Amino acid sequence: HICRDVNYGWLIRNIHANGASFFFICLYLHIGRGLYYGSYLYKETWNIGIILLFLVMATAFVGYVLPWGQMSFWGATVITNLLSAIPYIGNVLVQWIWGGFSVDNATLTRFFAFHFLLPFMIAGASIIHLLFLHQTGSNNPTGLNSDTD
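Read in order, the letters of the sequence shown correspond to residues 1 to 149 in full-length UniProt numbering.
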């Protein structure tokens, strides 16, 4: 698989991983600020933010699996159990995501595609998040006084 050559590209790989970790710290701070200031009262904006969080978590998960080409049995079991609990489509969803009943090269190729495509969905959801935020009159994100005179 494309990420198995661990001798080259270590710098960009580490920058990518550490940047993603810092991005999660920023997300948690953003959510904490929203909880503190009662932003959850803006239901549409808040729900799009939750969708954004899930999209980022999905992107991180499929990206985390790629460098090793395998995952722990615990991780695979948790994901399988969560997905299989979805009514009607759970079993089919599990088989589709894993590409059968094992994590092999086809699964890694699928995860690589998801890791590439999901950030575009995140960008689109971010725009929708900002549009809903703008609808509520939130056009002063820094909180600075616009009447400086």
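All residues carry an ideal CB built from backbone N, CA and C; glycine is no exception.
These numbers come from a predicted model, not from an experiment.
Would a C-beta distance cut-off of 9 Å place phenylalanine 120 and valine 62 closer than the cut-off? no
Specify, as a first and last residue, the run of the alpha helix (DSSP H) that asparagine 91 falls within. 90-98
If you measure between the beta carbons of alanine 60 and alanine 125, is that distance less than 9 Å? No, the Cβ-Cβ distance between alanine 60 and alanine 125 is not below 9 Å.
Taking the alpha helix (DSSP H) that glycine 49 belongs to, which residues open and close that run? 43-65
What does the alpha-carbon distance come out to for the pair tryptophan 96 and isoleucine 122? Cα atoms of tryptophan 96 and isoleucine 122: separation of roughly 22 Å, rounded to the nearest angstrom.
Can you tell me whether threonine 77 is buried or exposed, with buried defined as 16 or more other CB within 10 angstroms of its CB? exposed
Taking all protein chains shown into account, decide if leucine 82 is buried (16 or more other Cβ within 10 angstroms of its Cβ) or exposed. exposed
Let me know the secondary structure DSSP gives isoleucine 86 once reduced to three states. coil
Sorted by chain position, which residues of the same chain lie with C-beta nearer than 8 Å to glycine 34's C-beta, five sequence neighbours on each side aside? Tyr40, Trp46 and Gly49
Could you tell me the distance, in whole angstroms, from the CA atom of serine 138 to the CA atom of histidine 129? When rounded, the distance between both Cα atoms is 12 Å.
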